[in-house]
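A.B. asks: Below you'll find the structure I mean.
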Amino acid sequence: NPLKGLRKPVEKNPARVVVTDEEYRALLGVSRQVGWRFHVALVLAHETGHRIGAIRNLRWSDVDIDGKTIRWRSEHEKTGYEHRTPLSAKALAVLKQAWRKSPRIKDAPVLPSANQPMKSVSPSQPSVWWYRAERRAGMERKDRRGWHSLRRKFASDLMDQPLKVLCELGGWRNAKTVLACYQQPDEGQLRKALEARRGAGG
560 NPLKGLRKPV EKNPARVVVT DEEYRALLGV SRQVGWRFHV ALVLAHETGH RIGAIRNLRW
620 SDVDIDGKTI RWRSEHEKTG YEHRTPLSAK ALAVLKQAWR KSPRIKDAPV LPSANQPMKS
680 VSPSQPSVWW YRAERRAGME RKDRRGWHSL RRKFASDLMD QPLKVLCELG GWRNAKTVLA
740 CYQQPDEGQL RKALEARRGA GG
């Protein structure tokens, strides 16, 4: 083999996987079987578009049920950007469910450790939940599909919204990052854009 010994080049832009609607529904369908914490985390990740690390570290003092908003603390954001976002009806509903299971202390975590209710779940626990849910849902393992794939889904689902609005909702500070790494139009969106093109008919 003339290529023997040559190092395979590392791909600079590996495929960035986006969770499909079908995959999300499959995960959601088994989420309660995996556990209520996974169900809450999954819905919040889908509805807010935020990183699982930020979701894992949420405390009840960050959640305003009456005002229907959530505060994302700078120390848990990769960008160091503290901001507030509105809660969708689905996110609000799942937080109300979680509150009923919590010790109802404002400084308690939204996703508490099973053994230490005043501590957040460990950084590795969400991945354990994810893989367990994939197996229960009968989903084939796909490289790079995970929690961050839901963040990409959020950006792609809101592609028709002004970029500034999307950045505020998802906590992105750099619009270029969204365009380069997160938004991925599907065939339906491309076809819709082409059909909506203005111009002289032929």
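Residue numbers (this note's numbering): 560 to 761. Even glycine gets a Cβ: it sits at the ideal position worked out from N, Cα and C. All values reported here derive from a predicted model rather than from experimental measurement.
1. Provide the residue span of the beta strand (DSSP E) that contains I629, from first to last.
2. By how many angstroms is the C-alpha of E754 removed from the C-alpha of S681?
3. Please state the DSSP three-state secondary structure of S590.
4. Could you give the residue range of the beta strand (DSSP E) that holds P645?
5. Find the nearest neighbour of R584 within the set G729, L717, S715, A692, judged by alpha-carbon distance.
6. What do you get for Q684, buried or exposed, if any count of 16 or more other CB atoms within 10 angstroms of its CB means buried?
7. Can you check which of these residues, H605, I629, K701, is closest to S715 by C-alpha distance?
8. Three-state secondary structure (DSSP) at P685?
9. Which of helix, strand or coil does DSSP assign to S620?
10. Along the alpha helix (DSSP H) that carries Q720, what are the first and last residues, could you check?
11. Beta carbon of R615, beta carbon of L651: below 7 Å?
C.D. replies: The structure says:
1. 628–631
2. 48 Å
3. helix
4. 642–645
5. A692
6. buried
7. H605
8. helix
9. helix
10. Counting along the chain, Q720 falls outside any alpha helix (DSSP H), and DSSP gives it neither H nor E.
11. no
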